[in-house]
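Notes follow the structure.
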Amino acid sequence: MPILNFYPTQHFLSQISKRRISAFMVSLCLAKGRICLGKSGTLHYRLEKEALIAALKSGYFEFSEVWAVCELIVVTKRNRLITAFLRHGDTGIGLANAKC
């Protein structure tokens, strides 16, 4: 099942289930994320903390899904989704900046 015209690989599906990243978060990252050129012709879509906070305040997902997250990164090559991961840190989303 494609996500915004990107087709997931088997590796991608196993990684997002293991890392508990929803398909909606992936589609949000592909639609609103900043695009960076990676190695070997890959594109990295980066959804930073400010955009995640705005989506959280709009009610798109639960606070427990983005606790301590600094950034969501989705890696693509051509029209294939390769992998996705969350970058966590001390400066990630916490109770202070998630108040609605």
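Each number in the working numbering corresponds to the 1-based position in the sequence shown with 177 added.
We put the CB at the ideal spot given by N, CA and C, even for glycine.
Computed from a predicted model, the values in this text were never measured in an experiment.
Requested in this report: From the DSSP output, in three-state form, read off I180 for me.
Outcome: For the purposes of this step, residue 180 is taken as the residue at position 3 of the sequence shown. Strand at I180.
Requested in this report: Along the alpha helix (DSSP H) that carries K216, what are the first and last residues, could you check?
Outcome: Sequence index remark: in the sequence shown, residue 216 carries index 39 (1-based). Careful: K216 lies outside any alpha helix (DSSP H) and carries neither H nor E.
Query raised in the report: Nearest to Y184 by CA position, among T253, S194 and L205, is which residue?
Result: By 1-based counting over the sequence shown, the position of residue 184 is 7. Answer by Cα proximity: T253.
Report task. Could you name the residues of the same chain whose beta carbon sits closer than 7 Å to that of I212, not counting the 5 residues immediately before and after it, in chain order? Result -> Stepping through the sequence shown from its first residue, residue 212 is reached at position 35. Once the five neighbours on either side are set aside, the close Cβ partners of I212 are L220 and Y222.
Requested in this report: Report the option in F238, K226 and G236 whose CA atom is closest to the CA atom of H265.
Outcome: As a position in the sequence shown, residue 265 is number 88, starting the count at 1. The candidate whose alpha carbon is nearest that of H265 is K226.
Query - For V243, the three-state DSSP class (helix, strand or coil) - result: Numbered from its first residue, the sequence shown carries residue 243 at position 66. V243: coil per DSSP, three-state reduction.
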